[in-house]
Amino acid sequence: MATQHETSTPPVVAPDALQRLHDTTAVTAVLHEYCRAIDDKRFDDVAALFSDDAELTVHAGSGGTVRGRTALRQRVGKLMGGFTATSHMVSNVQVSFPAPDRAEAVSYLHAWHRFEHARPDGVLWGRYHDGLVRTDGNWKISHRTLRIIGEQDFPFAWLPATPG
Amino acid sequence: MATQHETSTPPVVAPDALQRLHDTTAVTAVLHEYCRAIDDKRFDDVAALFSDDAELTVHAGSGGTVRGRTALRQRVGKLMGGFTATSHMVSNVQVSFPAPDRAEAVSYLHAWHRFEHARPDGVLWGRYHDGLVRTDGNWKISHRTLRIIGEQDFPFAWLPATPG
Amino acid sequence: MATQHETSTPPVVAPDALQRLHDTTAVTAVLHEYCRAIDDKRFDDVAALFSDDAELTVHAGSGGTVRGRTALRQRVGKLMGGFTATSHMVSNVQVSFPAPDRAEAVSYLHAWHRFEHARPDGVLWGRYHDGLVRTDGNWKISHRTLRIIGEQDFPFAWLPATPG
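Residue numbers (the working numbering), protein chains in the order written: chain U, 1 to 164; chain D, 1 to 164; chain L, 1 to 164.
Structure below.
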């Protein structure tokens, strides 16, 4: 533990620091609500977190990407249909703002899935790569891509994680 | 990735935005300290995070709910007595403020337990539903209920998760 | 759920509350970037998160502690060399500021490791104990110690967790 006293003056926070913190918290809240709604099988609530023309990519190949809130809601419902219980835990949330009304987020996902049919629980370790837009004061996901670092008892046509 | 430039003006943050962020951080810190104190078996420190008349519900049935800080401390000590090591990880923390001095929080719990007696590690996926009150400037937990999404090698009279 | 209405006046946030929140977020971002860079095997980026004379302790015994950014980069690269994939998830992040330009952080680590050679995945539950310094406006890790609560299929000369 350093005992040396630091003497440099701390930088004054930027004028938009409060807005940034507020927006970062709001964007993070959307990521959390996605998990809770997914695990509750409240698929209308999941869909409401996305913009009208949002794009969701959950695996590779045809059918891995859906566009538009209606198609997205159907796909999510179908994907989650085979599980009796799931827990989606996000951590390591990183948010940046390429423009005042646009955000990009990368978050870690650790997800546990119990299948309806007897088979070992499926576990995923991966990352969500999200774009969000602020519309009427609310942050909505405009595109979400799931990239997988690893899985256990859950082989699938996942998209691999990409460094950077 | 959207390349379109957004032109709408970002909303000005609410006058109480800083207070809200400050309180959200303080409430979240209480949830984190609970985990650390529990895993350290510092049960007096666990109890100090609760209000005098707090209510803790950790499982269904008689004995699943305790009231008052003293009873709570005893129960927590007893519950944790059979483990040689535990790790309580919270994520997806959602905090709201029904009143300036009251908070509600829902957080995800992923908890790992190593038993004193030889048996497989017990793992839980669930959610804490918390109410907190601000007393003398400090946030204290007034009621906490653990609701379980799933478990591995840890069957018990858990309360099930509830959607919403 | 308490129905009683609280009447006490909320405390006014401290004058440095915004600076604190800003710094807390910045420190947490460093912890997140460490995970992402480690899991991406971007070891130069990992090293860039540390101060020039940083100290990293990842296990007990000789060789468990390295000093200086160059030695640290080599060690990290060597440690991570035997895995085809890892996921480092931090949660329960606690940050305090013993001085304006110094921070201390304790965070929970849940880390999953897939080995190059066929053997079960190694899992860790532990805590990072970090010291950080602000240099030229950026927070850098000056010392990091990993302390382990438990492991699965990953026995090693870990440092045990310490209460407090």
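Using N, Cα and C, we set each Cβ at its ideal position, and we do this for glycine too.
Taking all protein chains shown into account, do 16 or more other C-beta atoms lie within 10 angstroms of the C-beta of His22(D), making it buried, or fewer, making it exposed? buried
Proximity test, Cβ basis, 9 Å: Lys78(L) and chain U: no
Looking at the strands, I want to know which residues DSSP matches up with Gly164(D). The partner list for Gly164(D) (beta bridge, DSSP) is empty, contrary to what the question assumes.
Can you list the residues of chain L that Ala29(D) reaches, using a CB-CB cut of under 8 Å? Gln94
Just to confirm the assignment, what range does the alpha helix (DSSP H) spanning Leu49(L) have? Per DSSP, Leu49(L) belongs to no alpha helix (DSSP H) and is neither H nor E.
Determine the burial state of Ser96(L): buried for a count of at least 16 other Cβ atoms within 10 Å of its Cβ, exposed for fewer. exposed
Is there contact between the segment 155-162 of chain L and the segment 26-36 of chain D, where contact requires at least three CB pairs shorter than 8 Å? no
Secondary structure of Gly126(U), DSSP reduced to three states: strand
Cβ of Val46(L) within 9 Å of Cβ of Val76(L)? yes
Arg119(U) classed as buried or exposed, judged by whether at least 16 other C-beta atoms fall within 10 angstroms: exposed
Evaluate Asp101(D) with the Cβ neighbour count: other Cβ atoms within 10 Å of its Cβ, from every protein chain shown; 16 or more gives buried, anything less gives exposed. buried
Could one say the Cβ of Arg67(U) lies closer than 9 Å to chain D's Cβ atoms, at least one of them? no
Please compile the residues from chain L whose C-beta is within a distance smaller than 7 Å of the C-beta of Val13(U). Leu18, Gln19, His22
Arg42(L) - DSSP class collapsed to helix/strand/coil: coil
Is the shortest distance between the beta-carbon of Pro163(D) and the beta-carbons of chain U less than 9 Å? yes
C-alpha distance - Phe43(D) paired with Arg114(U), whole-angstrom precision: 33 Å
Report the neighbours of Trp112(L) on chain D: residues whose CB is nearer than 9 Å to its CB, in chain order. Per Cβ cutoff of 9 Å: no residues; Trp112(L) is ~12 Å from chain D at best.
Using C-beta distances below 8 Å, list every residue in its chain close to Met80(L), excluding the 5 sequence neighbours before and after it, in chain order. Ile38, Lys41, Phe43, Thr86
Using a threshold of 9 Å, state whether the C-beta atoms of Arg144(U) and Glu55(U) are closer than that. yes
Cβ-Cβ distance between Ala48(L) and Arg69(L) below 9 Å: yes
Could one say the Cβ of Trp125(U) lies closer than 9 Å to chain L's Cβ atoms, at least one of them? yes
Tell me the DSSP secondary structure of Arg147(L) in three-state form. strand
Given a cut-off of 9 Å, decide if Val90(U) and Ser107(U) are closer than it, judged by their beta-carbon atoms. yes
Whether Phe219(U) touches Leu18(U) by CB criterion (9 Å): Lying outside 1 to 164, the shown extent of chain U, residue 219(U) is not represented and no answer is given.
Helix, strand or coil at Val168(U) [DSSP, three-state]: Here chain U comprises residues numbered 1 to 164, so residue 168(U) is not present and cannot be evaluated.
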